[in-house]
Amino acid sequence: PGQFDVIVTSNMFGDILSDEASQITGSIGMLASASLGSTKRGMYEPIHGSAPDIAGQNKANPIATILSAAMMLRYSFGLAGEADCIENAVDTVLGKGFRTADLLGTSGGNALSCTEMTEKILENI
242 PGQFDVIVTS NMFGDILSDE ASQITGSIGM LASASLGSTK RGMYEPIHGS
292 APDIAGQNKA NPIATILSAA MMLRYSFGLA GEADCIENAV DTVLGKGFRT
342 ADLLGTSGGN ALSCTEMTEK ILENI
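Dropping the structure here:
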């Protein structure tokens with residue numbers, strides 16, 4: 242998939258492709274998405290669903306939501322520098338080894354909560 246910068250498809254096939262591609266990152270909680278029209282307006286959201294099985298437990302991975310906000314800054318508001326700052330903060334936190342439970346898999350380790358991961362990212366902006 243690295244050969245593609247952009248794939249244009251209908252919503253249904255885009256959903257299928259994004260779910261499959263999420264496995265490359267290790268978690269569906271890592272991928273931001275945008276539905277863009279001919280204007281600068283768009284709808285930005287993580288590709289994952291609502292995860293009712295972990296609702297209210299502070300276990301969700303916030304990275305896709307945070308990266309969706311960075312995409313919105315870049316593509317709808319023309320704020321590339323601000324988007325870069327957010328993306329770099331996410332990269333820094335992951336580079337330091339911080340993970341939410343969905344990224345740890347069976348390797349064990351201490352998982353950060355949704356709140357803790359968000360705070361780590363904010364500390365690096």
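With this note's numbering applied, the sequence shown corresponds to residues 242 to 366, in that order. Ideal Cβ positions, reconstructed from N, Cα and C, are used throughout, including at glycine.
Cβ-based burial, residue i [other Cβ within 10 Å; buried from 16]
| i | result |
| --- | --- |
| M312 | buried |
| I257 | exposed |
| L363 | exposed |
| T347 | exposed |
| M284 | exposed |
| R282 | exposed |
| N252 | exposed |
| S268 | buried |
Extent of the continuous beta strand (DSSP E) run through residue i
| i | result |
| --- | --- |
| L277 | A273 to L277 |
Endpoints, the alpha helix (DSSP H) within which residue i is located
| i | result |
| --- | --- |
| I362 | C355 to E364 |
| A352 | Premise fails: A352 is in no alpha helix (DSSP H) and is neither H nor E. |
Contact check, residue i vs residue j, beta carbons under 7 Å
| i | j | result |
| --- | --- | --- |
| G270 | D343 | yes |
| P293 | S309 | no |
| T341 | A330 | no |
| C355 | A273 | no |
| A324 | L335 | no |
| T359 | P303 | yes |
Bridge partners - residue i, DSSP secondary structure assignment
| i | result |
| --- | --- |
| T250 | Beta-bridge pairing links T250 to no other residue. |
| P341 | One detail in the question is off: residue 341 reads as Thr in this sequence, not Pro. Paired residue(s): L353. |
Just list the beta strand (DSSP E) runs in the region 281–336, keeping only unbroken ones of 3 residues or longer that don't cross its boundaries, in chain order. 283–287
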